[in-house]
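The next block holds one structure in the form of structure tokens; read it before the comments.
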Amino acid sequence: MEQQIGNVVLNRCAAVCTVMFMLLVGIAGCGGEKKDTDLILGNWVYYSNRTYLLTVIDMKGTWTSSVRIADVTSKIVDSRGTAGGTWDLDEGQLVFTVVASDINDVWEKESTYSYKLLELRDHFMVLEGDNGRKEEWKKTVQLKGKEGPGAVNSIVTMAPYTVNLDKHSSNAKDRYLCLSMHLELMELMPEQPVPQFHPRARDAAIMYLSSLTYENVSDFDRIKVQKEKVKDILNPYMEGLIKEVVIDHVVVAVSAAKVEEFIIEHTAAPSAEEPADGEEGETGEEENPKDS
């Protein structure tokens, strides 16, 4: 009797283990392959005749789109509004319904666009429109920006600048200009690389800042003037893509100890003077140079 009971228990355990194994295999199998509805989500770009159509498809069943026009050097020369609506993927047909649009020549408001999904991979898909024309779309990584859907603005962080201000005479007090700043670039085309900050650019900026006197940086208005001149100096080294030089902190120090404190405090940014893709710099208020 005990042996029979033991056999029954063993058989039940074996059955339970078999069921659990099948469930685990089924779960693993389901998670191993992405569905088309998962692959379709993300930021897509279609390029034709120097025109970029950027379309963001989200899991809520909505989409937004914008148009960017590039010149022969692949730099932005025009941005043309946005459109948006709902989308659906059914039996290999990707359907966009336009709810709002100010680019009616691309996405006509209250219209429906149906595409046959010929190919779909993680970062690539081929669509065929009602007119029979095939379009190759590529998935991109959207960077943080300030210009709405599809904006791709980048930030280049910089190591702090500390220079001796020029003096009119040897009897004048020693003063040191300490700057923490970053570069906000113009909008880049999808897949356009962020230009690297060249060492010569830093040297040129240091030479210019070292030529300034205390009177040149003694108040906010004068600092803004110098900021624009620094932009003009750096832009040739950055392919003319600098939109703005943003000063996070500025101090005019009167001792080497204060300079050292400034450097220690503002050298925490990672990858100094390297592009921080997708990251937005935090801009603090400028400190009054007269208070240092």
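Take any residue in the sequence shown, note its place counting from 1, add 4, and you have its number in this note's numbering. Virtual Cβ for every residue (Gly too), placed ideally from N, Cα, C.
For residue i, does the three-state DSSP call read helix, strand or coil?
i, result
"T59", "strand"
"A260", "helix"
"R54", "coil"
"S184", "strand"
"M242", "helix"
"L169", "coil"
"V221", "helix"
"L43", "helix"
"V229", "helix"
"L216", "coil"
"R137", "coil"
"V198", "coil"
In terms of alpha-carbon separation, which member of the options lies closest to residue i?
i, options, result
"H127", "E140, Y119, T116, G136", "E140"
"L121", "S173, H270, K138, S83", "K138"
"H253", "F224, A260, R179, G89", "F224"
"R125", "D40, V258, L192", "D40"
"L169", "G89, A208, V258", "V258"
"L1", "S158, L216, P203, T144", "The first residue shown for the chain is 5 and the last is 296, placing residue 1 beyond what the model contains."
"E123", "T116, Y117, E132", "E132"
Quick test of your reading: residue i and residue j, contact by CB under 8 angstroms. State the CB separation rounded to the nearest angstrom.
i, j, result
"I267", "T166", "6 angstroms"
"V212", "V256", "According to the sequence as given, residue 212 is Tyr; it is not Val. Their Cβ separation, rounded to whole angstroms, is 16 angstroms, which puts Y212 and V256 out of contact at 8 angstroms."
"W111", "V99", "The pair is not a contact, with the Cβ atoms about 13 angstroms apart (cut-off 8 angstroms)."
Taking the straight line between their C-alpha atoms, what separation do you get for residue i and residue j?
i, j, result
"E114", "A104", "7 angstroms"
"T59", "G136", "21 angstroms"
"W48", "S69", "9 angstroms"
"A163", "E269", "11 angstroms"
"R206", "K142", "36 angstroms"
"T55", "I210", "39 angstroms"
"V71", "V221", "41 angstroms"
"N108", "G85", "10 angstroms"
"T271", "E265", "10 angstroms"
For chain B, check one thing: does any of its Cβ atoms lie closer than 7 angstroms to the Cβ of residue i?
i, result
"L213", "Note that chain B does not occur in the displayed structure, where there is just one protein chain."
Below 8 angstroms CB to CB, which residues in the same chain sit around residue i once its five sequence neighbours on both sides are set aside?
i, result
"I251", "L183, S184, M185, I227, K231, E290"
"I246", "L187, E188, L189, M190, K235, L238, N239"
"E302", "Outside the shown range of the chain, which is 5 to 296, sits residue 302, and nothing can be said about it."
"T93", "Looking at the sequence shown, residue 93 is not Thr but Leu. For L93, where only same-chain residues beyond five positions count, the Cβ hits under 8 angstroms are D40, T41, I44, V99, L121."
Note down, in chain order, each residue of its chain lying with its Cβ closer than 6 angstroms to the Cβ of residue i, except the 5 sequence neighbours on either side.
i, result
"G96", "L121"
"N175", "none"
"M63", "L45"
"Y299", "The question about residue 299 has no answer here: the residues shown for the chain are numbered 5 through 296."
Using a Cβ-Cβ cutoff of less than 7 angstroms, which residues in the same chain neighbour residue i once the five nearest sequence positions on both sides are dropped?
i, result
"V29", "Here the model assigns V29 a pLDDT of 43, short of 50, so the residue's position is not dependable, and the following value carries that caveat. Excluding residues within five positions, none has a Cβ falling inside 7 angstroms."
"P199", "M242, E243, L245"
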